[in-house]
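Add 547 to the 1-based position in the sequence shown for our numbering, that's all there is to it.
Don't be surprised by glycine CBs; every beta carbon is placed ideally from N, CA and C.
Computed from a predicted model, the values in this text were never measured in an experiment.
Here the structure comes first, spelled out in structure tokens, and everything after it is commentary.
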Amino acid sequence: MKRRTPISLARLMTARVLGRRFPASIGMIVTHRCNLRCAYCGFPDLPSDEMDADQWLEAIHAFLQAGTLRMGFSGGEPLLRQDLDRLLRAAHGKALITLNTNGLLLPERKGLLKWVDAAVISLDGNQEVHDSLRGQGAYAGAVQGGEEAVKAGKKLIFAMVVSKQNTNQIPHVLRLSEDMGAQCFFQPVTPCAVSSGKAASILPDLEEFKKGVCFLQAAKRRGRPVCCSRSYLKSLMRYPDASVEKIRCKLGFYGGFVTPSGRVCRCHVNLDSDAAPSGKDLGFVEAFRRMPITDCRGCFIYPYVELSNLLSGNPGPLYEAVKQAALSWRNSEK
């Protein structure tokens with residue numbers, strides 16, 4: 548199957564006009580296992596039952612056939628799956644493919660990078676701060692993993708989760724991103740169904756967080772590599788009130804996730820309250836269509852808010868999406 552971006556975009560626009568669901572962006576959570584224990588994350592404590600490679604391939608092909616435009620592979624730590632190359636290869640060239648990782652295993656599995664358009668690597672500050680939040684050696688692993696992505700000619704994005712322990716590290720993450728030719732995005736810690744019990748205790752200080760957002764807004768205006776749209780940065784100034792984001796949320800209508808066991812859900816935040824149907828039982832696209840949409844709590848999780856802004860017609864996220872699509876098309880020709 549070849550990339551069918553114009554057709555998929557037309558189907559997405561038709562779905563919007565008719566008020567129908569369309570799986571434009573799908574996240575593949577291929578495992579809950581992880582080789583780190585990050586301060587805010589509860590993924591390693593979730594059930595570890597996982598679909599095998601053939602079942603994942605069924606899900607991948609079903610969503611691509613349905614017109615999915617962007618497919619992200621994440622965990623846990625997705626590189627812990629030895630069959631990840633099969634999954635990435637099956638999706639390569641048929642949608643915008645992103646790989647979310649802590650970077651530690653990328654040097655030994657760098658061959659996987661040929662199948663992705665962008666590597667998204669967690670980075671929460673300098674070595675001392677990052678390691679204190681994620682584990683000894685995590686910083687070196689993130690930087691070395693990022694270097695492998697750059698060597699492979701892939702788009703590199705550093706993802707910073709902002710807490711009270713690292714708000715002052717925003718300039719460091721931005722500066723390192725510039726030095727490595729990467730982009731970066733920033734989002735606050737979000738207590739939710741898949742966060743650790745510590746998440747609520749490390750929320751960023753409100754005043755310091757908003758100073759950090761103002762810094763990022765100024766950096767964005769100067770053309771520094773902040774991939775957050777201006778719309779998203781503006782929304783962060785409302786933190787922690789996510790009532791506007793709750794109203795605008797399009798997940799469940801135009802985006803969702805497949806859990807390691809094959810259930811289809813709209814997002815992590817509502818995973819505990821939504822009765823996620825099984826893709827293995829219903830078929831994955833049908834499970835997406837049947838996802839219940841319960842009352843949303845609202846959040847400031849970067850990809851969720853940006854997707855919703857994009858599908859609401861806001862120009863900032865649309866501009867960023869066009870840039871990423873152009874990168875994907877260029878890479879697919881190599």
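Fill in: L703 (DSSP reduced to helix, strand or coil)
strand
Fill in: Option in G744, D842, V577 and G803 with minimal Cα separation from I597
The residue asked about is misnamed: residue 597 is Glu in this sequence, not Ile. Of the candidates G744, D842, V577 and G803, the one whose C-alpha sits nearest the C-alpha of E597 is V577.
Worksheet item: Apart from the five residues just before and just after G682, which ones in its own chain have a Cβ nearer than 8 Å to its Cβ?
Response: If you ignore the 5 residues before and after G682, its C-beta comes within less than 8 Å of the C-beta of L583, R584 and C585, all in its own chain and listed in chain order.
Worksheet entry | In chain order, each beta strand (DSSP E) run of at least 3 residues that lies wholly inside the stretch 592-679 | Note on the stretch 592-679: whole beta strand (DSSP E) runs with a minimum of 3 residues are 617-621, 643-648 and 665-669, in chain order.
Worksheet entry | Beta-bridge pairing of P735 - partner residues as DSSP gives them | V709
Practice prompt. State the beta-bridge partners of R810 as determined by DSSP.
Written response: S825
Practice prompt. May I have the straight-line CA-CA distance separating A685 from H677, to the nearest angstrom?
Written response: 7 Å
Item to complete: Report yes or no: do the stretch 635-651 and the stretch 685-701 share at least 3 C-beta pairs separated by less than 8 Å?
Response: yes
Item to complete: Out of V760, C739, S776 and C731, point me to the one whose CA is closest to L525's CA.
Response: Nothing about residue 525 can be reported from this structure: the residues present for the chain run from 548 to 881 only.
Discussion item. Closest to G589 by C-alpha separation, out of F847, R844, V816 and K827, would be which residue?
Written reply: V816
Worksheet item: When every heavy atom of the ligand ADP is checked, does at least one fall within less than 7 Å of the C-beta of K757?
Response: This structure simply doesn't include the ligand ADP, nor any ligand for that matter.
Worksheet item: How do the stretch 600-611 and the stretch 694-713 stand: do at least 3 beta-carbon pairs fall below 8 Å, yes or no?
Response: no
Fill in: Where F590 falls: helix, strand or coil (DSSP)
helix
Discussion item. My output table needs one value for S572: the three-state DSSP class, helix, strand or coil.
Written reply: S572 falls in the strand class under three-state DSSP.
Fill in: Through-space distance from L783 to K757, alpha-carbon basis
K757 and L783: Cα-Cα distance of roughly 8 Å.
Fill in: Opposing strand residues paired with Q730 [DSSP bridges]
I704
Discussion item. Count Cβ pairs between the stretch 794-813 and the stretch 846-861 that sit closer than 8 Å; are there 3 or more?
Written reply: yes
Item to complete: Output the boundary residues of the alpha helix (DSSP H) element that contains F804.
Response: From DSSP, F804 is part of no alpha helix (DSSP H) but of the beta strand (DSSP E) over G802 to V805.
Fill in: Pairwise C-alpha distance: F569 and A665
Taking the straight line from one Cα to the other gives about 23 Å.
Practice prompt. On the DSSP bridge assignment, give the partners of V773 in chain order.
Written response: BP columns for V773 point to C731.
Practice prompt. Return the CA-CA distance between E694 and L611, expressed in angstroms with no decimal places.
Written response: Taking the straight line joining both Cα atoms gives about 30 Å.
Worksheet item: Nearest-angstrom Cα distance between A834 and R636?
Response: 24 Å
Worksheet item: Under the rule that 16 or more other beta-carbon atoms within 10 Å means buried, what is R813, buried or exposed?
Response: buried
Worksheet item: In terms of residue numbering, what span does the alpha helix (DSSP H) encompassing L858 cover?
Response: Y849 to L858
Practice prompt. Just the C-alpha distance for A562 and D828, rounded to the nearest angstrom, thanks.
Written response: 25 Å
Discussion item. Rounded to whole angstroms, what is the Cα-Cα separation between F732 and R567?
Written reply: 30 Å
Practice prompt. Could you pull out every residue in the same chain whose Cβ sits closer than 6 Å to the Cβ of S875, ignoring the five residues on either side in sequence?
Written response: No answer about S875 holds up, because its pLDDT of 46 lies below 50 and its placement is not dependable.
Worksheet item: In this structure, what does DSSP give as the bridge partners for S743?
Response: The partner list for S743 (beta bridge, DSSP) is empty, contrary to what the question assumes.
Discussion item. Given this structure, state the Cα-to-Cα distance separating R558 from G614, to the nearest angstrom.
Written reply: 8 Å
Fill in: Outcome for M618 when other beta-carbon atoms lying within 10 angstroms are tallied against a minimum of 16
buried
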